[in-house]
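A quick write-up on the structure given underneath.
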Amino acid sequence: MTLGIGAAIVIGYLLGSIPFGVILTRLAGFGDVRKIGSGSIGATNVLRTGNKALAALTLLFDVGKGAVAAVIGASWGEHAMLAAAAAVIIGHMFPVWIGFRGGKGVATALGVLAIVAWPVALVAALIWLATAILFRYSSLAALVGAVSAAAYSGFVVDGERAVLIAAIAIAVIAKHHENIRRLLAGTESRISFTKS
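Going by numbering that gives the first Met the number 0, the final residue of the sequence shown carries number 195, and the count climbs one at a time with no gaps.
Okay, here's the thing in structure tokens:
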């Protein structure tokens with residue numbers, strides 16, 4: 000079991016560390032996504048290139064690596080799955096390949112939740128979408144979604160999974176500290192749904 004958990008952590012972290020936003024924008028000829036917008040490597044910042052398809056692909060891959068890590072971990076048991084789930088989030092937020100300066104973990108967390116607690120993933124995704132459409136702040140949607148996921152998990156999953164989800168929510172909120180300051184100051188950038 001210990002070997003399985005160790006392997007799950009390593010695999011999860013390395014999967015999480017793959018910076019798909021950086022890779023895809025470079026391959027598409029948009030340069031380094033970290034030099035535009037918020038400087039983040041996630042789908043929301045990729046959207047600021049004006050390429051919706053590229054942003055959607057980044058979102059898909061970031062969600063996918065969270066789900067894949069949890070599935071691989073699950074092959075060694077419950078504790079390995081939870082360990083891999085935590086590791087893939089850490090990998091995305093602090094990727095070894097780009098100087099440990101990664102994304103905010105929202106999409107990858109959604110992928111993890113899809114495997115660890117799919118009802119929580121569904122609720123969080125719907126709340127994120129509703130908040131993003133209503134207020135057009137991706138960061139606010141992420142914060143509301145994270146809090147909602149942590150709160151809802153307490154009613155629908157067991158203790159260990161609920162603790163993991165709460166920890167993920169705290170990490171996501173912590174990574175949004177700059178966004179929170181901008182939201183409070185009224186200077187946060189809004190999502191554009193019309194840019195082509």
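Glycine is no exception: its CB is placed at the ideal position from the N, C-alpha and C atoms.
Is it buried or exposed, residue i, if we count other Cβ atoms within 10 angstroms and call 16 or more buried?
{"i": "PRO60", "result": "Checking the sequence, you will find Phe at residue 60 rather than Pro. Buried."}
{"i": "TRP117", "result": "exposed"}
{"i": "GLU187", "result": "buried"}
{"i": "TRP75", "result": "buried"}
{"i": "HIS175", "result": "buried"}
{"i": "GLY15", "result": "buried"}
{"i": "PHE19", "result": "buried"}
{"i": "ALA52", "result": "exposed"}
{"i": "VAL62", "result": "buried"}
{"i": "GLY30", "result": "exposed"}
{"i": "GLY98", "result": "exposed"}
{"i": "SER195", "result": "Any reading at SER195 needs caution, since the residue's pLDDT is 45, under 50, leaving its predicted position unreliable; the model's value is listed next. With fewer than 16 Cβ atoms within 10 Å of its Cβ, SER195 is classed as exposed."}
{"i": "GLY38", "result": "exposed"}
{"i": "ILE114", "result": "buried"}
{"i": "VAL95", "result": "exposed"}
{"i": "ILE4", "result": "buried"}
{"i": "GLY41", "result": "buried"}
{"i": "GLY104", "result": "buried"}
Taking residue i as the reference, give the member of the options with the closest Cα.
{"i": "SER191", "options": "ASN44, SER39, SER152", "result": "ASN44"}
{"i": "VAL119", "options": "THR48, ARG100, ALA148, ALA131", "result": "ALA148"}
{"i": "ARG33", "options": "PHE93, GLY102, TYR151, ARG189", "result": "GLY102"}
{"i": "VAL198", "options": "SER152, GLY65, HIS78, TYR136", "result": "The question about residue 198 has no answer, for the chain in this structure spans 0 to 195."}
{"i": "ALA82", "options": "ILE169, ARG189, GLU177, LEU163", "result": "LEU163"}
{"i": "ARG180", "options": "LEU139, GLY36, TYR151", "result": "LEU139"}
{"i": "ILE167", "options": "LEU56, ALA108, ILE22", "result": "ALA108"}
{"i": "THR1", "options": "ASN50, HIS78, TYR12", "result": "HIS78"}
{"i": "ALA199", "options": "ALA84, ALA131, TYR12, GLU177", "result": "No information on residue 199 is available, as it lies outside the stretch 0 to 195 that the chain covers here."}
{"i": "ALA106", "options": "ALA54, ILE22, ILE35", "result": "ALA54"}
I'd like to know if residue i contacts chain D, where contact means its C-beta is closer than 8 Å to some C-beta of that chain.
{"i": "GLY158", "result": "In the structure shown, chain D cannot be found, because there is only a single protein chain."}
Margin query: Between the segment 120 to 130 and the segment 139 to 146, can you find at least three pairs of beta-carbon atoms closer than 8 Å?
Written below: Touching, yes.
Notebook entry, point to check: Do the segment 22 to 32 and the segment 78 to 95 make contact, defined as three or more Cβ pairs closer than 8 Å?
Noted result: no
Checklist line | Segments assigned alpha helix (DSSP H), at least 4 residues, entirely inside the segment 104 to 172 | finding: 105 to 115, 117 to 134, 137 to 155
Notebook entry, point to check: Are there three or more Cβ pairs, one per stretch, closer than 8 Å when the segment 68 to 83 is compared with the segment 1 to 17?
Noted result: yes
Notebook entry, point to check: At what residue ranges does the segment 6 to 51 contain a whole run of the alpha helix (DSSP H), taking only runs of 4 or more?
Noted result: Fully enclosed alpha helix (DSSP H) runs of 4 or longer: 19 to 26, 42 to 46.
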